[in-house]
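All remarks here apply to the structure that follows.
Protein chains: 2
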Amino acid sequence: MTEKQILKSSLKLFNERGYHDVGMREIARELNLSPGNVTYYFKKKDDILFTLLQEYSDQNTTFYEKYHTESASIAGFLGLMKNIFYSQYQYRGVYIGNYIVQKEFQSTDSINYKSTSERRKQTFQKMFTDLRAEGHINANDDDIDFLVSFITLFGRFWISEATIFDKSPDVTQAIKHYIRLLVKELSLFATERGKLSIEQFKKEEFG
Amino acid sequence: MTEKQILKSSLKLFNERGYHDVGMREIARELNLSPGNVTYYFKKKDDILFTLLQEYSDQNTTFYEKYHTESASIAGFLGLMKNIFYSQYQYRGVYIGNYIVQKEFQSTDSINYKSTSERRKQTFQKMFTDLRAEGHINANDDDIDFLVSFITLFGRFWISEATIFDKSPDVTQAIKHYIRLLVKELSLFATERGKLSIEQFKKEEFG
DNA sequence: GGCAAATATAGTACAATGTACTATATTTGT
DNA sequence: ACAAATATAGTACATTGTACTATATTTGCC
Chain A
1 MTEKQILKSS LKLFNERGYH DVGMREIARE LNLSPGNVTY YFKKKDDILF
51 TLLQEYSDQN TTFYEKYHTE SASIAGFLGL MKNIFYSQYQ YRGVYIGNYI
101 VQKEFQSTDS INYKSTSERR KQTFQKMFTD LRAEGHINAN DDDIDFLVSF
151 ITLFGRFWIS EATIFDKSPD VTQAIKHYIR LLVKELSLFA TERGKLSIEQ
201 FKKEEFG
Chain B
1001 MTEKQILKSS LKLFNERGYH DVGMREIARE LNLSPGNVTY YFKKKDDILF
1051 TLLQEYSDQN TTFYEKYHTE SASIAGFLGL MKNIFYSQYQ YRGVYIGNYI
1101 VQKEFQSTDS INYKSTSERR KQTFQKMFTD LRAEGHINAN DDDIDFLVSF
1151 ITLFGRFWIS EATIFDKSPD VTQAIKHYIR LLVKELSLFA TERGKLSIEQ
1201 FKKEEFG
């Protein structure tokens, strides 16, 4: 019970002021616990971070799995990305500040971020191949490689940009903006059928 | 004299192991100085960081100025970006790890990163407008907004991706890869003339 | 219900860090 | 050559992550 509360409060504080500026004692104070009690649940501050990252990762996995039950479409893909974007916003305090990820790379135990990200890359590769097979995009292999590179970089760092450059961004507004960019990029490769799918998504999302 | 040495050694250490993991005492040791002597030149550790960021920013400014003396071309633009990418690599230790930038946002004194980045955005806007005027790209205003968004996000975070996901990346190789992505994006909007310019750049760069 | 084992909480201690402060040493300008 | 400015060293202190110990509370079993 308390473990989840610690995670929740920590995330809240990390989101507000960044991982680095939040101390263990402050997390404890937030929950009226003693510092020693926090270290009972999480021996190291980094452990809180890794656990939160794991939460984030798990949440995303369910989104991916859900997507794979449907047949490939740009609208579906954009819906997936929207879900992921909301996750990223929710966990922005741990997700941005890449030195954390660097640390995780160094750590031998705990989830292997690199392999995860490698897997995600392959997942995107497959998604775009499927979109091509379904006649939603018109792209050769080189185009798909490009789209994969685009989506991995864009999808990882939009939240950093949004958080850094807007002090208190309107989430919905920010996500809309970045989804629009995504839409734009995809429409450059969309077939007629793909464009219809995009229009459908737009209608649902932007009204 | 010593001030520059401190900056140089600090940057080296930051690049190797990240800002957070390098202490003042270690910087001092690297130069056979006493810790107190380092704080004589830089009262706060953050001051070293900000000075390095300023160096980086100044270096880039000269690249931008140089670009503006030539007439607009995609090849020229790509050359500019290549220079900037090398700067970013050189200063990767201070450039990535966005919490730093967040800090700078909070600090009232020192260079205002936000206004700088706003200015850079306008600069890109003008660059693309010029490229259109020169008949290098075929893009409406919406397309240009998109390209500006693309280039600001891409240009800011490629180095984070490269540094995070390749432990010791071959600089030249990495930059080539990301420049190729840039080329790909631009060719989606390039006119015949623009495509020629791109081919010219490719020939010079990739042989 | 009572009691041992497990779990939870508090409190303290310690090494490391950024930083402030003081005391010397060295250079510089006249 | 000597006073002022600059540079260097050394120390001290508050804060941080973290380890450790002691006490309190809950849980499972007879």
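As given, the protein sequences belong to chains A and B, one line each in that order.
Note that this note's numbering has the first sequence beginning at 1, numbered continuously upward.
Note that this note's numbering has the second sequence beginning at 1001, numbered continuously upward.
The C-beta atom is built at its ideal place from N, Cα and C for all residues, glycine as well.
The segment 1048-1062 of chain B touching the segment 1088-1095 of chain B, judged by at least three CB pairs closer than 8 Å | Cβ pair count under 8 Å is three or more, so yes.
Does DSSP classify residue 190(A) as helix, strand or coil?
-> If DSSP states are grouped into helix, strand and coil, residue 190(A) belongs with the strands.
Neighbouring residues, chain A, relative to residue 1120(B) (Cβ below 7 Å) | Here the premise fails: no neighbours, minimum Cβ distance about 11 Å.
DSSP-derived helix/strand/coil call for residue 1137(B) | strand
Within-8 Å CB hit, residue 1156(B) to chain A = yes
So, helix, strand or coil for residue 1091(B), using DSSP?
-> coil
So which residues on chain B does residue 176(A) lean against when the C-beta distance must stay under 7 Å?
-> By Cβ distance, chain B contributes nothing, its closest Cβ being about 13 Å from residue 176(A), past 7 Å.
Consult DSSP for residue 1195(B) and reduce its assignment to one of helix, strand or coil.
-> helix
Cβ-based neighbour list, residue 178(A), same chain, cut-off 6 Å, excluding 5 preceding and 5 following = 158
Output the boundary residues of the alpha helix (DSSP H) element that contains residue 1033(B).
-> Run containing residue 1033(B): none; DSSP gives neither H nor E here.
Which of the three DSSP states, helix, strand or coil, is assigned to residue 1023(B)?
-> coil
Quick one: what does DSSP say residue 46(A) is sitting in, helix, strand or coil?
-> helix
Is there at least one Cβ from chain A nearer than 8 Å to residue 1146(B)'s Cβ?
-> yes
Establish whether the CB of residue 184(A) and some CB of chain B are separated by less than 8 Å.
-> yes
Cβ-based neighbour list, residue 194(A), same chain, cut-off 6 Å, excluding 5 preceding and 5 following | Excluding sequence neighbours, residue 194(A) sits near 74, 136 and 137.
Could you spell out where the alpha helix (DSSP H) holding residue 3(A) opens and where it closes?
-> 2-17
Would you say residue 1154(B) and residue 186(A) are within 8 Å of each other, going by their C-beta atoms?
-> Between residue 1154(B) and residue 186(A), the C-beta spacing is not below 8 Å.
Within 8 Å (strictly less), CB to CB, does residue 1188(B) reach chain A?
-> yes
By DSSP, does residue 110(A) sit in helix, in strand, or in coil?
-> The pLDDT assigned to residue 110(A) is 47, lower than 50, so where the model puts this residue is not dependable; a value taken from the coordinates is nonetheless given after this. Coil at residue 110(A), not helix or strand.
Chain B beta carbons: is any one of them nearer than 8 Å to that of residue 26(A)?
-> no
How many whole angstroms separate the CB atoms of residue 1174(B) and residue 1190(B), which I take to be in contact at a CB cut-off of 8 Å?
-> With 8 Å as the limit, residue 1174(B) and residue 1190(B) do not qualify as a contact, their Cβ atoms being about 24 Å apart.
Stretch-stretch touch, CB-based, cutoff 8 Å, three pairs: the segment 196-207 of chain A with the segment 75-85 of chain A = Enough Cβ pairs lie closer than 8 Å, so yes.
Going along chain A, which residues have a C-beta under 8 Å from residue 1205(B)?
-> By Cβ distance, chain A contributes nothing, its closest Cβ being about 18 Å from residue 1205(B), past 8 Å.
Minimum C-alpha distance to residue 1171(B) - residue among 1180(B), 1058(B), 1086(B) and 1134(B) | 1086(B)
Under three-state DSSP, which class holds residue 174(A)?
-> Reduced to three states, the DSSP call for residue 174(A) is helix.
Please confirm if residue 1080(B) has its CB atom under 8 Å from at least one CB of chain A.
-> no
When the Cα of residue 81(A) is compared with those of 123(A), 40(A) and 44(A), which residue comes out closest?
-> Selected option, being the one with the closest Cα: 123(A).
Compute the Euclidean distance between the alpha carbons of residue 1042(B) and residue 1055(B), then round it to the nearest angstrom.
-> Approximately 15 Å, taken between the alpha carbons.
Could you list which residues in chain A have their beta carbon closer than 8 Å to that of residue 945(B), in chain order?
-> Residue 945(B) lies beyond the residue range present for chain B, which begins at 1001 and ends at 1207; the question has no answer from this structure.
Nearest-angstrom Cα distance between residue 1007(B) and residue 1031(B)?
-> 11 Å
Taking 8 Å as the CB-CB limit, is residue 1149(B) close to chain A?
-> yes
Counting only beta-carbon atoms, is residue 265(A) nearer than 8 Å to chain B?
-> Since the first residue shown for chain A is 1 and the last is 207, residue 265(A) is missing from the structure and cannot be characterised.
If we count the other Cβ atoms within 10 Å of its Cβ and call it buried at 16 or more, is residue 1023(B) buried or exposed?
-> exposed
Residue 1181(B): contacting residues in chain A (beta-carbon distance under 9 Å) | Under the 9 Å cutoff, chain A gives 146, 149, 150 and 153.
CA-to-CA distance, residue 184(A) to residue 127(A), given in whole angstroms | 18 Å
Put residue 1074(B) into one of helix, strand or coil per three-state DSSP.
-> Assignment of residue 1074(B) by DSSP, reduced to helix, strand and coil, places it in the helix class.
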